[in-house]
Amino acid sequence: MDRDDPAYRGQSEYTRLLLNVYDPMVLGPIARFVWRCPTTGLVEQYRRHIRDRHLDVGPGTGYFLEQSGLPDGSRVTILDPNRNVLDHASRRLRRLDVTAVEADVLKPLPVDGPFDSAAMHLVIHCLPGPLSRKARAVANVAAVLAPTGVLFGASVLGTSGRHTWAARRMLEVFNRQGGFDNLADTEEGLVEILGASFERVELETVGSIAIFAATNPRTDSSG
Numbered sequence: 001m002d003r004d005d006p007a008y009r010g011q012s013e014y015t016r017l018l019l020n021v022y023d024p025m026v027l028g029p030i031a032r033f034v035w036r037c038p039t040t041g042l043v044e045q046y047r048r049h050i051r052d053r054h055l056d057v058g059p060g061t062g063y064f065l066e067q068s069g070l071p072d073g074s075r076v077t078i079l080d081p082n083r084n085v086l087d088h089a090s091r092r093l094r095r096l097d098v099t100a101v102e103a104d105v106l107k108p109l110p111v112d113g114p115f116d117s118a119a120m121h122l123v124i125h126c127l128p129g130p131l132s133r134k135a136r137a138v139a140n141v142a143a144v145l146a147p148t149g150v151l152f153g154a155s156v157l158g159t160s161g162r163h164t165w166a167a168r169r170m171l172e173v174f175n176r177q178g179g180f181d182n183l184a185d186t187e188e189g190l191v192e193i194l195g196a197s198f199e200r201v202e203l204e205t206v207g208s209i210a211i212f213a214a215t216n217p218r219t220d221s222s223g
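Note that my numbering has the sequence shown beginning at 1, numbered continuously upward.
So, in structure tokens, the structure goes:
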């Protein structure tokens, strides 16, 4: 990805070193004690919504796909603009039939759909704001889903969230550093951008994180 691209900063920190420590650091104490959203609940969401033909946008380390319950040999497509992420997740998910696509979700997706499910897990808060721009990513995913497909995921809320002191400090640091761009992200705003591309939206907040599922993509969505 070009360094001048607005989405560059949100993905550039995912180096090989960070990916090696991500699970025990971010999915452990930060998830439980800072965001107050234990990883076990996010794994349950994956298991509940994932389907046979699956697209994973921003797969991270591959942890959630590994824990999703998919049988060996299942076909999944992982998409990310960061080659480090794709390589790391592909190695971890060797028991699955993985297609890795280096692409930016804010642009039309170069993938072969339709998919029955897609995940944007801990991704939206990393995309460049405002939410009206992030709506393009939701629309691009909706465009490659089957008529009954589901998009599910989770995202850290901005300053409107019910954060603890520690979560607010972490939110400020990540936004200043550039890994996050979500200070203006709200529950209502997330529901709005999801509803623009899907007929049905469900969202609940656990700690600092909004957990969502959107089904039945709108055929007239323009993003």
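Cβ atoms here follow ideal geometry from the backbone N, Cα and C, with glycine treated the same way. Every value quoted in this text rests on a predicted model; they were computed, and no experiment measured them.
Go through its chain and collect everything with a Cβ distance to residue i's Cβ below 6 Å, but skip five positions before and after it.
i           : result
residue 225 : Any property of residue 225 remains undetermined from this structure, which presents the chain solely from 1 to 223.
residue 202 : 213
residue 58  : 80, 123
residue 51  : 116, 117
residue 74  : 96
residue 87  : none
residue 16  : 84
With residue i and residue j assumed to form a contact (beta carbons below 8 Å), what rounded beta-carbon distance in angstroms separates them?
i           : j           : result
residue 124 : residue 153 : 7 Å
residue 204 : residue 193 : About 17 Å separates the two Cβ atoms, so there is no contact after all.
residue 234 : residue 85  : The first residue shown for the chain is 1 and the last is 223, placing residue 234 beyond what the model contains.
residue 190 : residue 155 : 7 Å
residue 142 : residue 198 : 6 Å
residue 137 : residue 105 : 4 Å
residue 200 : residue 215 : 5 Å
Given residue i, which residues of its chain have a CB within under 7 Å of its CB, disregarding the five upstream and five downstream residues?
i           : result
residue 83  : 102
residue 176 : none
residue 31  : 37, 38, 39
residue 49  : 117, 150, 152, 213
residue 67  : 43, 46
residue 170 : 34
residue 172 : none
residue 134 : 124, 127, 193
residue 174 : 180
residue 146 : 114, 115, 116
residue 163 : 171, 208
residue 21  : none
Closer than 8 Å by C-beta to residue i: which residues in its own chain qualify, once you throw out the five before and the five after it? Chain order, please.
i           : result
residue 76  : 54, 55, 56, 65, 70, 93, 96, 97, 98, 99
residue 129 : 181, 182, 183, 184, 185
residue 167 : 34, 35, 36, 161, 207, 208
residue 144 : 55, 109, 111, 113, 114, 115, 118
Quickly, what does DSSP pair residue i with across the bridge? List them, please.
i           : result
residue 212 : 153, 203
residue 18  : BP columns for residue 18 are empty, so no partner.
residue 198 : 217
Checklist entry - Quick check: the stretch 180-194 against the stretch 155-171, are there 3 or more CB pairs under 8 Å? => result yes
Checklist entry - Which full runs of the beta strand (DSSP E) of 3+ residues lie inside the stretch 97-166, going along the chain? => result 97-102, 115-121, 145-156
Next on the checklist: Under 8 Å: do the stretch 78-97 and the stretch 57-67 share three or more Cβ pairs, one atom per stretch?
Outcome noted: yes
Checklist entry - Unbroken beta strand (DSSP E) runs of length 3 or more, entirely within the stretch 52-100: which are they? => result 54-57, 75-80
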